[in-house]
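Undergrad: One structure follows; several queries about it will come next.
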Amino acid sequence: DYAKNPPARRTDGLSHARLVDMFADESEKIRVGVHRCKSAEVAKVIKDIIKADGEPGSVVFADDHRIERLEVPQALEKCKKVTSATRWDASAGRDAMVDACNAARYGITFAKGGIAETGTIVQLCDESCGRAISLLPLVHIAIVNAADVKETMGDWLAELDEEGNNLPSQICFISGPSATADIELVRVEGVHGPMFVHYVIVEGRGLHSLA
Numbered sequence: 015d016y017a018k019n020p021p022a023r024r025t026d027g028l029s030h031a032r033l034v035d036m037f038a039d040e041s042e043k044i045r046v047g048v049h050r051c052k053s054a055e056v057a058k059v060i061k062d063i064i065k066a067d068g069e070p071g072s073v074v075f076a077d078d079h080r081i082e083r084l085e086v087p088q089a090l091e092k093c094k095k096v097t098s099a100t101r102w103d104a105s106a107g108r109d110a111m112v113d114a115c116n117a118a119r120y121g122i123t124f125a126k127g128g129i130a131e132t133g134t135i136v137q138l139c140d141e142s143c144g145r146a147i148s149l150l151p152l153v154h155i156a157i158v159n160a161a162d163v164k165e166t167m168g169d170w171l172a173e174l175d176e177e178g179n180n181l182p183s184q185i186c187f188i189s190g191p192s193a194t195a196d197i198e199l200v201r202v203e204g205v206h207g208p209m210f211v212h213y214v215i216v217e218g219r220g221l222h223s224l225a
């Protein structure tokens with residue numbers, strides 16, 4: 015039966031390093047900008063992404079201590095393309111934060127993890143990171159710890175199920191830029207979310223000290 019003889023998966027037998035490679039490869043297939051780096055390079059990589067985009071604009075970033083410790087806010091302050099940088103602040107009220115995200119060109123989050131098979135990120139939405147950060151800005155930049163890349167959606171669902179009542183009210187599974195082909199099967203990007211998505215995949219042991 016299924017329990018005794020589960021179907022073979024593309025990820026079966028792969029080392030974790032190969033899973034991260036698959037995650038990067040599958041992400042590029044769905045038009046994600048992939049940037050692999052060490053923790054000490056994250057701030058510069060994000061600054062370079064914004065500079066390469068070429069358009070000035072404001073940024074909203076998650077209230078995540080890892081983003082702070084990676085010195086991303088300081089890098090944003092030094093980037094001439096960033097007109098203003100706003101940390102997500104739930105105490106400011108939902109409407110104020112949504113308005114900031116709606117006006118922002120860039121949204122920066124720290125993903126819960128990644129799915130190798132599909133190039134998908136797992137994004138928790140809570141008081142420190144409202145879903146508007148990854149949905150409303152034109153450009154979404156997600157930091158992903160390579161250590162948190164799992165094989166399949168099922169593996170992540172099992173992991174989340176174990177957390178039980180500790181989960182936030184919403185979890186987003188994001189697979190690249192927003193896209194639809196509802197009208198005459200013509201692919202259009204950016205209709206229901208960001209038009210451009212970048213994954214900053216952080217490799218090495220540097221992130222362990224930030225947990």
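In this text, residue positions in the sequence shown follow the numbering used here: the first is 15, and each later residue adds one. In this text, a Cβ means the ideal position worked out from N, Cα and C, and glycines have one as well.
Just confirm the distance between the C-beta atoms of I215 and A146, as a whole number of angstroms; I'd bet it's less than 8 Å.
TA: What you label residue 215 is simply residue 201 of the sequence shown in a count that begins at 1. What you label residue 146 is simply residue 132 of the sequence shown in a count that begins at 1. A146 and I215 do not touch by the CB rule: their CB atoms are close to 24 Å apart, not below 8 Å.
Undergrad: To the nearest angstrom, report how far apart S72 and V96 are at their CA atoms.
TA: Counting from 1 along the sequence shown, the entry for residue 72 is found at position 58. Counting from 1 along the sequence shown, the entry for residue 96 is found at position 82. Computed Cα separation, rounded: 5 Å.
Undergrad: Can you give me the C-alpha to C-alpha distance between R219 and R80, rounded to a whole angstrom?
TA: Numbered from 1 along the sequence shown, position 205 holds the residue referred to as residue 219. Numbered from 1 along the sequence shown, position 66 holds the residue referred to as residue 80. Distance between the alpha carbons of R219 and R80 is about 14 Å.
Undergrad: Measure from the alpha carbon of M167 to the alpha carbon of each residue in P182, C139, K126, then state which is nearest.
TA: In the sequence shown, the residue the question calls residue 167 occupies position 153. Nearest C-alpha to M167: K126.
Undergrad: By alpha-carbon positions, which one of I44, G107, T100, I188 ends up nearest to I135?
TA: Along the sequence shown, read from residue 1 onward, the residue named residue 135 stands at position 121. For I135, the nearest C-alpha among the options comes from I188.
Undergrad: Please list the terminal residues of the continuous beta strand (DSSP E) segment that includes I155.
TA: Within the sequence shown, the letter at position 141 stands for residue 155. From DSSP, the beta strand (DSSP E) with I155 extends over 153 to 159.
Undergrad: Under 8 Å, do A76 and I122 count as touching if we go by C-beta distance?
TA: The residue you call residue 76 lines up with position 62 of the sequence shown. The residue you call residue 122 lines up with position 108 of the sequence shown. Closer than 8 Å, so yes.
Undergrad: Check whether the stretch 175 to 186 and the stretch 95 to 114 touch, using three or more Cβ-Cβ pairs below 8 Å as the test.
TA: no
Undergrad: Could you tell me which uninterrupted alpha helix (DSSP H) segments, each at least 4 residues in length, are contained entirely in the stretch 87 to 158, listed from first to last along the chain?
TA: 108 to 117, 146 to 149
Undergrad: Tell me the residue span of the beta strand (DSSP E) that contains I44.
TA: On the sequence shown, residue 44 is found 30 positions in, with the first residue counted as 1. Unbroken run through I44: none, as it is neither H nor E.
Undergrad: Give the straight-line distance between the Cα atoms of F37 and P70, rounded to the nearest whole angstrom.
TA: Within the sequence shown, the letter at position 23 stands for residue 37. Within the sequence shown, the letter at position 56 stands for residue 70. Distance between the alpha carbons of F37 and P70 is about 30 Å.
Undergrad: The beta strand (DSSP E) with E217 in it runs from where to where?
TA: Here residue 217 corresponds to residue number 203 of the sequence shown, with the count starting at 1. Element bounds for E217: 210 to 217.
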